[in-house]
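If you count the sequence shown from 1, you need to add 5 to reach this note's numbering.
Glycine included, C-beta positions come from ideal geometry on N, C-alpha and C.
Since we're looking at a predicted model, the values are computed, not measured.
Notes for the one structure printed next.
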Amino acid sequence: MPTGCGEGEPPTFFIHLLCSLSCDYVRGKLPHTTSSVLPRPRVLSPGLEHKLPKKFVIAQIELLIDLVRPKNDIEMVDDHPTLSSLPNESRFRFPNVHAANTRLRDGSILIAAITSCTNTSNPSVMIGAGLLAKKAVQLGMRVDSSIKTSLAPGSRIVEDYLKRTGLQFYLDQLGFNIVGYGCTTCIGNSGPLHPEIERAVVSGDLVGVAVLSGNRNFEARIHQSVRANFLMSPPLVVAFALAGYIDVDLIHNPISKDLNGRDVYLKEIWPSTSEIREVMATALQPEAFLRLYADFVSNNPKWDEIESATGKFYHWNPSSTYIQEPPFFEDFSIELAGLSEIYHARPLVILGDSVTTDHISPAGAIQAGSPAGEYLTKCGIQPRDFNSYGSRRGNDRVMTRGTFSNARIRNLMLPNTEGGVSIKYPEAEQRSIYDVAMAYKAEETPLIIIAGREYGTGSSRDWAAKGTKLLGVRAVIAMSYERIHRSNLVGMGVLPLQFPEGVSAKTLQLDGTERFCVLRLSEKIQPRQALILRIERKDGSASDVEVQLRADTCTEVDYLRHGGILPLVLRKLLIR
């Protein structure tokens with residue numbers, strides 16, 4: 006049972022080979038299903054193409070197994086090098102640092118998490134992780150105490166079959182105890198590292214590592230103090246936790262030592278397919294779903310203890326730090342204002358390539374010194390209760406302050422700096438991006454964002470566009486866009502503009518002191534129309550560059566005319 010990878014790919018091509026175990030499992034889970042609606046187990050034959058409609062195209066793909074190499078995904082773009090492609094001497098070249106009775110260095114694994122995303126719904130890899138843990142424990146192997154380990158299944162079914170097969174016992178021995186269900190480490194909810202570990206990472210400027218089986222590993226998302234995040238299968242998460250370092254060649258080098266000091270290699274503890282299938286034959290029991298979920302409410306009495314309002318309308322609580330009335334209809338008018346040209350805008354940030362929605366609107370833990378943290382402190386919330394941006398996305402006061410506050414974002418207006426900071430002009434004062442935006446807003450100065458290629462890649466996070474709008478940004482000018490984020494910007498009434506090929510902030514020699522005008526905007530604008538970006542420099546000179554409006558359809562142009570999809574829908578409802 007392979008796990009579908011490459012989540013987010015628009016097309017996914019695979020053929021699922023159903024075995025008798027799969028069919029028996031479905032029959033058991035759906036007792037009223039007749040055999041006629043279930044596919045029969047079969048092996049695909051060379052003559053399969055004759056049984057498919059003519060519109061299908063069958064391509065024969067030859068896979069040379071000898072050329073297949075294991076790959077643990079790091080960061081979010083395909084052009085990053087894999088660890089195995091780097092020469093050993095160039096991987097990590099920093100001194101060791103002693104902390105918490107362990108040796109920390111660049112490449113030390115600080116977090117190892119089997120998380121709910123994708124992999125924990127696949128019994129074969131979860132059982133594989135359990136069998137690997139069992140063999141490791143039987144050899145006397147242990148995970149170093151400096152590594153924060155956890156297991157967060159996506160459902161209680163996983164806990165059921167791991168405990169029933171006895172595999173959870175061995176995972177517990179290695180520190181992979183069940184800490185909850187659903188999103189944990191991969192959304193930034195790993196919790197704090199040990200204070201000594203944290204101090205060692207900061208003092209040594211170490212590149213700490215997280216290994217996890219989730220599907221997101223963007224910069225600063227997993228933990229603020231962990232710089233490198235690798236995605237891998239649950240068995241490999243356990244294996245690398247045992248190794249302790251990411252720069253270990255587990256194919257050729259020992260993973261650790263047993264009780265007798267003998268080198269142990271991965272091949273000795275890696276479970277075979279037959280071993281996994283043998284356990285799966287008894288692990289998966291359809292009746293477990295009925296037992297665990299048939300009476301969900303009575304098994305979770307705390308749901309009934311939650312006080313909630315009744316009636317047709319929700320009454321906003323002004324003191325709530327989780328849910329506030331959204332401001333998207335403030336100053337709403339039934340009259341359509343329409344599009345207008347932008348004059349003398351200031352750049353809020355100038356960004357490079359591959360800026361993700363996690364850079365724009367983080368989903369992880371809220372830090373004490375951040376604008377969002379300061380807001381919560383003023384509301385009487387203690388830092389331990391700040392929670393995450395994802396959990397407070399119903400409060401625009403938090404989310405707007407969190408926009409562009411990622412600890413790893415790099416504003417090119419401030420070279421050699423990281424984090425959510427910018428410069429307020431003409432004072433040339435360095436402040437948080439939120440404070441700079443609010444200062445410009447008070448002056449009624451429009452804002453723009455300048456970016457490189459693949460702007461908005463990553464998760465399709467709506468708050469990346471909402472927060473941009475609420476900061477007062479009228480337009481984003483990038484070299485290229487991720488498809489969904491571009492659409493979300495249009496939906497919020499923010500103009501997505503695109504530089505011509507070969508034109509960038511670097512070629513235009515922009516440093517943030519400039520002012521910008523966007524010209525040729527009118528009610529007669531068309532999809533993908535050419536506009537003029539006028540650059541007004543501090544020496545008094547000005548130059549024009551042609552940019553393209555990336556509203557790609559007439560519907561998207563209509564959204565922009567209305568200031569976004571929400572005002573458009575409301576106007577249509579009121580007109581009716």
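Other residues of its chain near residue i: CB distance less than 8 Å, five sequence neighbours each side excluded
{"i": "L68", "result": "none"}
{"i": "V360", "result": "I414, A456, G457, E459, Y460, G461 and T462"}
{"i": "A350", "result": "T450, P451, L452, I453, R479, A480, R520, F521, C522 and V523"}
{"i": "L575", "result": "F334 and F337"}
{"i": "L264", "result": "L144 and G145"}
{"i": "D84", "result": "Legend: pLDDT at D84 = 49, less than 50; position of this residue unreliable, value from coordinates given subsequently. Hits under 8 Å: none found."}
{"i": "N400", "result": "S325, T326, Y327, I328 and Q329"}
{"i": "P505", "result": "V550, E551, V552 and Q553"}
{"i": "G196", "result": "K153"}
Bridge partners - residue i, DSSP secondary structure assignment
{"i": "P501", "result": "V481"}
{"i": "D549", "result": "R539"}
{"i": "E434", "result": "K429"}
{"i": "Y439", "result": "Partner(s): none; Y439 has no beta bridge."}
{"i": "R351", "result": "L452"}
{"i": "R581", "result": "DSSP lists no partner for R581."}
{"i": "A225", "result": "In the DSSP output, where bridge partners are listed per residue, A225 has none listed."}
{"i": "L571", "result": "Answer is none; L571 lacks a bridge partner."}
{"i": "V523", "result": "I347 and L538"}
{"i": "I119", "result": "L156"}
{"i": "Y460", "result": "Y486"}
{"i": "A651", "result": "Here the chain covers residues 6 to 581 and nothing more, so residue 651 does not appear."}
CB contact flag (residue i, residue j, <8 Å)
{"i": "V478", "j": "V495", "result": "no"}
{"i": "M404", "j": "S464", "result": "no"}
{"i": "G213", "j": "V231", "result": "yes"}
{"i": "R221", "j": "C191", "result": "yes"}
{"i": "D111", "j": "L198", "result": "no"}
{"i": "L353", "j": "V441", "result": "yes"}
{"i": "I438", "j": "F409", "result": "yes"}
{"i": "L179", "j": "V142", "result": "yes"}
{"i": "I281", "j": "K140", "result": "no"}
Assumed close pair residue i, residue j - CB separation to whole angstroms, cut-off 8 Å
{"i": "S218", "j": "G159", "result": "Between G159 and S218 the Cβ distance is about 11 Å, and since that is not below 8 Å, they are no contact."}
{"i": "T326", "j": "R406", "result": "Not really, about 12 Å apart at Cβ, beyond 8 Å."}
{"i": "I482", "j": "L538", "result": "7 Å"}
{"i": "L536", "j": "L502", "result": "7 Å"}
{"i": "R204", "j": "Y186", "result": "The pair is not a contact, with the Cβ atoms about 32 Å apart (cut-off 8 Å)."}
{"i": "L156", "j": "I119", "result": "5 Å"}
{"i": "G378", "j": "P276", "result": "So it is not a contact: roughly 44 Å between Cβ atoms."}
{"i": "T560", "j": "A469", "result": "Not really, about 21 Å apart at Cβ, beyond 8 Å."}
{"i": "A540", "j": "L573", "result": "Note that residue 540 is Ile in the sequence shown here, rather than Ala. Actually they do not touch by this definition, with Cβ atoms about 32 Å apart."}
{"i": "A342", "j": "D165", "result": "That pair is no contact at about 57 Å."}
Own chain, CB closer than 6 Å to residue i, minus 5 neighbours either side, in chain order
{"i": "T558", "result": "P532"}
{"i": "A412", "result": "A225, Q229 and G424"}
{"i": "P388", "result": "A373"}
{"i": "L117", "result": "Before going further, note that residue 117 is Ala rather than Leu in the sequence given. Contacts found: I152, T154, V216, V242 and A246."}
{"i": "K474", "result": "M497 and V499"}
{"i": "T364", "result": "A small fix is needed here, since residue 364 is His in this sequence, not Thr. Correct list, in chain order: N411 and I414."}
{"i": "I570", "result": "G496 and Y564"}
{"i": "V206", "result": "G213 and S230"}
{"i": "L297", "result": "R161"}
Contacting residues, own chain, Cβ-Cβ under 7 Å from residue i (five flanking each side not counted)
{"i": "A244", "result": "L137, L255, I260 and L271"}
{"i": "L565", "result": "L344, V495, G498, L500 and A556"}
{"i": "R402", "result": "Q329 and Y380"}
{"i": "V508", "result": "V550"}
{"i": "D467", "result": "N493"}
{"i": "K262", "result": "D268 and V269"}
{"i": "K446", "result": "G477"}
{"i": "C188", "result": "S121 and N194"}
{"i": "Y250", "result": "G112, S113 and I114"}
{"i": "L579", "result": "I339"}
{"i": "A510", "result": "I355, L417 and I455"}
{"i": "D358", "result": "G457, R458 and E459"}
{"i": "R581", "result": "none"}
Residue i beta carbon near the ligand MN (any heavy atom closer than 7 Å)
{"i": "A547", "result": "As presented, the structure is devoid of all ligands, the ligand MN included, so that no description of it is given."}
is_contact[residue i, chain C] using C-beta, thresh 8 Å
{"i": "S238", "result": "Among the chains of the structure shown, chain C does not appear; only one protein chain is present."}
| Is there contact between the stretch 543-553 and the stretch 369-383, where contact requires at least three CB pairs shorter than 8 Å? | no
For the 8 Å Cβ check, are there 3 or more pairs between the stretch 422-434 and the stretch 324-341? no
Note to self: Would you call the stretch 161-177 in contact with the stretch 279-297, where contact means no fewer than 3 C-beta pairs closer than 8 Å?
What the structure shows: yes
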